[in-house]
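A.B. asks: Questions regarding the structure given below will be posed in turn.
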Amino acid sequence: MKTVNTKATKLGAVCMRTLSIVASFTIAWSITGQCEVAMAGDHSVIAVEPKLIHLRNGESQEWASFPKQAEAEQLVLTFDAKPQEPQEPQEPQEPLGTLTLTQSDVKESWTVTLNSKPLGQLVRDENELETDFLIPSGTLKQGTNQLSITCRNNSPSDDIRVGRIVVHASAPSTIRSEAKLQIEILNQDHIPVPGRITVTNGRGTLVPIGTKSGNGLAIREGVIYTANGRADLAVASGEYKITVGRGLEYSAPSTSLRISAGETAKRTLILEKQVATDNWIACDTHVHTVTHSGHGDCTIEERMATLAGEGIEFPIATDHNQQIDYRPMAETVGVTPYFTSVIGNEVTTKRGHFNAFPALANGHTPNHNELEWGKLFDNIYSTPNIRVAILNHARDLHSNFRPFSPRHHLSLTGDNLDDWQQNFNAMELINSGAVQTDPMELFRDWCGLINHGLRVTPVGCSDSHDVSRYIVGQGRTYIQADDHNPGLIDTEAALDSFLNGRVIVSYGLLVQLQVSSSTELANSQGPGDTLSIRQNTDSTEQTTLIITAKVLAPHWSRPRKLQLFLNGTPKFSVDLNPKTKTRQPFASTIQWNIPTEELPHDAWLTAVATGDGINSPHWPTAKPYQPDSAIFESKTFSCTGPIWLDANGDGEYRSARDYAKALISQTPVDQKTGKPDLEALAKSLNTHDQAVVNQALALLLKSEIEPSQVISAGVGKRGREFERQWRQARQARIEQQE
Ligand SMILES: [Zn+2]
Ligand SMILES: [Zn+2]
């Protein structure tokens, strides 16, 4: 009855497989992805390739999680088919067909070609998803057919998996509309709320949906955002897992179901608010649309559903060199109660990208052709209304320029080596669309800027251009502000708070921090506040700083570690042990004490929580956009804005840079050399912390004093890290290495 011949041979790097099926019977496609022999029916299906195959474009391994050797560089398959003859010979059109495949880890541009006719491209998305290609009439041939999947020439290395390829005799719209799913998302008060619906098959693969975006829905393979909490979806018959969610703060309930052709399945899922964020608003400072940025895939209409569906209350529209007002579209889609949008602009220059806001839709835009940072920031801040300029993705390379390349920037001390003015007032620590291989790298860069004496608000954002590939609001910034009415947020008050550092950077979890002194327990301070420490003169008891950190996460996120940083140096660290297999949210409160006599001078505090990256298809954390290494371990991250400690109670916080400047100016000058007496300086640095030592070394470079001289004068190993970074910077400058 059946003849299935599989012959696989390797010719050079090209994988040649021949798989011929004589279609004297049909193979029905089941939702679990397995091919099972069935009676001939409406769905004649040819199984072309049952397995997932590892392809690698380029020479080098993109990710260590893939085998060292790929199975092939591109896929070329031949298979036999007997397309159904038109039932009525006079019909002018042969029936259309569908080629369905499963793909994962696709970053570059891969083309699917059938018998020399390009069917389309793989979805550029690293998530595992099934996707359909329409086979135009006349493309499938009687007898031998050739299918190829190839990457565009000269693309960077890309490890992908592709397979489970089947050919159906009907069009995608037919096979994806056999059955109906009606999903409703309710909050705990049983009121429908916007959210995200994730639909996977039995293998956990995202599956195509027969319904198109529109009417408040934004739809991609296995991902549906709904602006009003309801979605009527056309799907193929089969077995599904449905998960709903609404960003960081909510639970992610799921349900499994099997649905046959002609059936409608109705499900209502109730979201639980699991991360309390009273008096904090969820902001994404970096949001794009394909409508106005020209790349990615999310239209401005779809963006409304994705923002509301991820629980973003304060989105900043930052298309490249454009100032877009989301409000008319928010009204059209009916999402005005859920967020207050702000008009912004990703000022995209050849010397870095800067998110500037609030802007006017019809006002003039900052000059993105300006190359000099000083002039550029003058230009940005003199643009009507603009108060904020964020330094975006400072470690990424764009236009062959990397703002925080060692060539331009000393991370440890926040020094710009070209003496450019660093007048940005915020910086991205998390850009969830372009995460770093080392999740702490931008955090350390930020600590350097704060110790340098700059007031830079730390930011989390998504930089999403997409509906699904990168999730809008996954990286986000919580801003301390009145959150009673997300549709009517006082923008100027929220931005005051933002510029004062009253923020929490969040990427999959949330850390909160409060500090008070034992003499004034009621006077507790949070991010952006200054705590003036008054010594207790009436008592012999010493004054103690009481530091309280709280880590919060929904049930689907696993926090692992909490650290407290004092002047950018780790002071305390604790391991967090979330229970596995529980639907309960995570909440843990940790308290630390620091006797104030241990504080030699003013300083600042921040807490950092990290955890496991999220694998669940309902909110997966992405791989790095510009990886430094093939080895990558995904991590969640959260940190707070700085709490300033005024250790001597003079009412003012002074930075490590201020202390270093004062110490150098107080150091006696050596009569012979005209330079500061380094031994004397080393002695005074002994009573100051590491941040002050680093800043002193950076300042001495300006008098042409090398770190090695200060190290041998008595600073010793406390100068080694600065010396290492300075050596690296010098090398990068000689080699002009970005
Ligand atoms: Zn950018
Ligand atoms: Zn961007």
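The numbering of the sequence shown is my numbering, which starts it at 1101 and goes up by one.
The beta-carbon is built from N, C-alpha and C at its ideal position, and this holds for glycine as well.
Just so you know, these numbers come straight off a predicted model, no measurement behind them.
Near ligand 2, which residues have their beta-carbon closer than 6 Å to a heavy atom?
C.D. replies: His1386, His1388, Glu1446 and Asp1563
A.B. asks: Between Thr1448 and ligand 1, is the CB less than 7 Å from at least one heavy atom?
C.D. replies: The residue given as residue 1448 occupies position 348 in the sequence shown. For ligand 1, at least one heavy atom lies less than 7 Å from the Cβ of Thr1448.
A.B. asks: Write down the C-beta distance between Ile1604 and Ala1594 rounded to the nearest angstrom, noting that I regard them as a contact closer than 8 Å.
C.D. replies: The sequence position of residue 1604 within the sequence shown is 504, counting from 1. The sequence position of residue 1594 within the sequence shown is 494, counting from 1. The beta-carbon distance between Ile1604 and Ala1594, rounded to whole angstroms, is 14 Å. This is too long to meet the 8 Å contact definition.
A.B. asks: Which ranges does the alpha helix (DSSP H) cover as unbroken runs of at least 4 residues, wholly within the stretch 1750-1803, from first to last along the chain?
C.D. replies: 1756-1766, 1778-1785 and 1790-1801
A.B. asks: Quick one: using the 10 Å Cβ neighbour count with 16 as the cut-off for buried, is Leu1797 buried or exposed?
C.D. replies: Position 697 of the sequence shown holds residue 1797. So Leu1797 counts as buried.
A.B. asks: In or out: Ile1633 buried (at least 16 other Cβ within 10 Å) or exposed?
C.D. replies: Indexing the sequence shown from 1 puts residue 1633 at position 533. Residue environment analysis places Ile1633 among the buried positions, since at least 16 neighbouring C-beta atoms fall within 10 angstroms of its C-beta.
A.B. asks: Going residue by residue through the stretch 1475-1519, where are the continuous beta strand (DSSP E) segments of at least 3 residues, counting only ones entirely within it?
C.D. replies: Counting only runs of 3 or more, we get 1488-1491.
A.B. asks: Can you tell me which of the three DSSP states Gln1825 falls into?
C.D. replies: For the purposes of this step, residue 1825 is identified with residue 725 of the sequence shown, where counting begins at 1. Looking at Gln1825 - three-state DSSP - the assignment turns out to be helix.
A.B. asks: By the three-class DSSP mapping on this structure, what secondary structure does Lys1817 have?
C.D. replies: The residue you call residue 1817 lines up with position 717 of the sequence shown. Note: Lys1817 maps to helix in three-state DSSP.
A.B. asks: Throw me the rounded Cβ distance for the Tyr1570 and Thr1736 pair, which I believe falls under 8 Å.
C.D. replies: Indexing the sequence shown from 1 puts residue 1570 at position 470. Indexing the sequence shown from 1 puts residue 1736 at position 636. Actually they do not touch by this definition, with Cβ atoms about 15 Å apart.
A.B. asks: So Pro1294 and Tyr1438 are in contact, right, with Cβ under 8 Å, and what is the actual spacing, rounded?
C.D. replies: On the sequence shown, residue 1294 is found 194 positions in, with the first residue counted as 1. On the sequence shown, residue 1438 is found 338 positions in, with the first residue counted as 1. That belief holds up - the Cβ atoms of Pro1294 and Tyr1438 are roughly 6 Å apart, short of 8 Å.
A.B. asks: Quick one: is Ser1562 buried, meaning 16 or more other Cβ sit within 10 Å of its Cβ, or exposed?
C.D. replies: Against the sequence shown, residue 1562 aligns to sequence position 462. Counting Cβ neighbours within 10 Å, Ser1562 comes out buried, since at least 16 surround it.
A.B. asks: Is there at least one non-hydrogen atom of ligand 1 closer than 7 Å to the beta-carbon of Asn1421?
C.D. replies: The sequence position of residue 1421 within the sequence shown is 321, counting from 1. For ligand 1, not one heavy atom lies less than 7 Å from the Cβ of Asn1421.
A.B. asks: Cβ atoms of Ala1459 and Thr1436: under 8 Å apart, would you say?
C.D. replies: The residue you call residue 1436 lines up with position 336 of the sequence shown. The residue you call residue 1459 lines up with position 359 of the sequence shown. No, these two residues do not count as a Cβ contact at 8 Å.
A.B. asks: Put Cys1547 into one of helix, strand or coil per three-state DSSP.
C.D. replies: Residue mapping note: residue 1547 aligns to position 447 of the sequence shown, counting from 1. Three-state result, Cys1547: helix.
A.B. asks: What did DSSP end up calling Val1258 once you bin it into helix, strand or coil?
C.D. replies: To locate residue 1258, count along the sequence shown from 1; it is residue 158. One point to set straight first is that residue 1258 is Asp, not Val, in the sequence displayed. If DSSP states are grouped into helix, strand and coil, Asp1258 belongs with the strands.
A.B. asks: Report yes if the C-beta distance between Val1212 and Ile1249 is below 8 Å; otherwise report no.
C.D. replies: Locating residue 1212 in the sequence shown gives position 112, where the first residue counts as 1. Locating residue 1249 in the sequence shown gives position 149, where the first residue counts as 1. Yes, the pair counts as a contact, with Cβ atoms nearer than the cut-off.
A.B. asks: According to DSSP, Gln1612 sits in a beta bridge with which residue or residues?
C.D. replies: Locating residue 1612 in the sequence shown gives position 512, where the first residue counts as 1. Partner(s): Lys1650.
A.B. asks: Can you name the residues that DSSP bridges to Arg1330?
C.D. replies: For the purposes of this step, residue 1330 is taken as the residue at position 230 of the sequence shown. DSSP lists Glu1284 as partners of Arg1330.
A.B. asks: Beta-carbon separation of Pro1539 and Thr1710 under 8 Å?
C.D. replies: Locating residue 1539 in the sequence shown gives position 439, counting from the first residue. Locating residue 1710 in the sequence shown gives position 610, counting from the first residue. Contact flag set, yes.
A.B. asks: May I ask you to report which of helix, strand or coil DSSP gives Ser1273?
C.D. replies: To locate residue 1273, count along the sequence shown from 1; it is residue 173. Here Ser1273 sits in helix by DSSP.
A.B. asks: On a CA-only basis, which of Met1429, Val1335, Gly1316 and Ala1489 is nearest Gly1409? Give me that one, please.
C.D. replies: As a position in the sequence shown, residue 1409 is number 309, starting the count at 1. The shortest C-alpha separation from Gly1409 is found at Gly1316.
A.B. asks: Going by alpha carbons, who is nearest to Lys1450 out of His1498, Val1433, Arg1346 and Ala1456?
C.D. replies: In the sequence shown, the residue the question calls residue 1450 occupies position 350. Checked all of His1498, Val1433, Arg1346 and Ala1456; the closest Cα to Lys1450 is His1498.
A.B. asks: Report the three-state DSSP secondary structure of Ser1587 (helix, strand or coil).
C.D. replies: The count along the sequence shown starts at 1 and reaches residue 1587 at position 487. Position check: residue 1587 holds Gly in this sequence, whereas Ser was assumed. Gly1587 falls in the helix class under three-state DSSP.
A.B. asks: Measure from the alpha carbon of Asn1445 to the alpha carbon of each residue in Leu1177, Ser1257, Arg1276 and Asn1492, then state which is nearest.
C.D. replies: As a working note, residue 1445 is residue 345 in the sequence shown. Ranking Leu1177, Ser1257, Arg1276 and Asn1492 by Cα distance to Asn1445 puts Asn1492 first.
A.B. asks: Three-state secondary structure (DSSP) at Asp1596?
C.D. replies: Position 496 of the sequence shown, counted from the start, is the residue given in the question as residue 1596. DSSP places Asp1596 in helix when its eight states are reduced to three.
A.B. asks: When the distance is taken between beta carbons, is Thr1648 closer than 8 Å to Thr1696?
C.D. replies: Numbered from 1 along the sequence shown, position 596 holds the residue referred to as residue 1696. Numbered from 1 along the sequence shown, position 548 holds the residue referred to as residue 1648. Judged by beta-carbon spacing, Thr1648 lies beyond the 8 Å limit of Thr1696, meaning their Cβ atoms are not closer than that value.
A.B. asks: Count the C-beta pairs between the stretch 1524-1531 and the stretch 1793-1813 that are closer than 8 Å, then say yes if the count reaches three, no if not.
C.D. replies: no
A.B. asks: Taking the beta carbon of Val1769 as the centre, do at least 16 other beta carbons fall within 10 Å, making it buried, or is it exposed?
C.D. replies: As a first step, residue 1769 must be located in the sequence shown, where it is residue number 669. Exposed, since its Cβ has fewer than 16 Cβ neighbours within 10 Å.
A.B. asks: Are the stretch 1388-1396 and the stretch 1410-1421 touching by the rule of at least three beta carbon pairs closer than 8 Å?
C.D. replies: yes
A.B. asks: First and last residue of the alpha helix (DSSP H) that includes Pro1807?
C.D. replies: Start at 1 with the first residue of the sequence shown, and residue 1807 comes out as number 707. Counting along the chain, the alpha helix (DSSP H) containing Pro1807 begins and ends at Pro1807 to Val1810.
A.B. asks: DSSP three-state call for Ser1248: helix, strand or coil?
C.D. replies: Counting from 1 along the sequence shown, the entry for residue 1248 is found at position 148. Of the three classes helix, strand and coil, the one that applies to Ser1248 here is strand, per DSSP.
A.B. asks: Closest to Glu1228 by CA distance: which of Gly1587, Lys1817, Leu1676 and Gly1302 is it?
C.D. replies: Here the question's residue 1228 lines up with position 128 in the sequence shown. The shortest Cα separation from Glu1228 among Gly1587, Lys1817, Leu1676 and Gly1302 belongs to Gly1302.
A.B. asks: Would you kindly report the start and end of the unbroken beta strand (DSSP E) that includes Met1527?
C.D. replies: For this step, residue 1527 is matched to residue 427 along the sequence shown. Where Met1527 is concerned, the enclosing beta strand (DSSP E) stretches over Ala1526 to Asn1531.
A.B. asks: Which ranges does the alpha helix (DSSP H) cover as unbroken runs of at least 4 residues, wholly within the stretch 1362-1447, from first to last along the chain?
C.D. replies: Secondary structure remark: continuous alpha helix (DSSP H) runs of at least 4 residues inside the stretch 1362-1447, in chain order: 1390-1393, 1400-1409 and 1427-1433.
A.B. asks: To the nearest angstrom, report how far apart Ile1424 and Ala1722 are at their CA atoms.
C.D. replies: As a working mapping, residue 1424 is identified with position 324 in the sequence shown. As a working mapping, residue 1722 is identified with position 622 in the sequence shown. Cα to Cα, Ile1424 sits roughly 27 Å from Ala1722.
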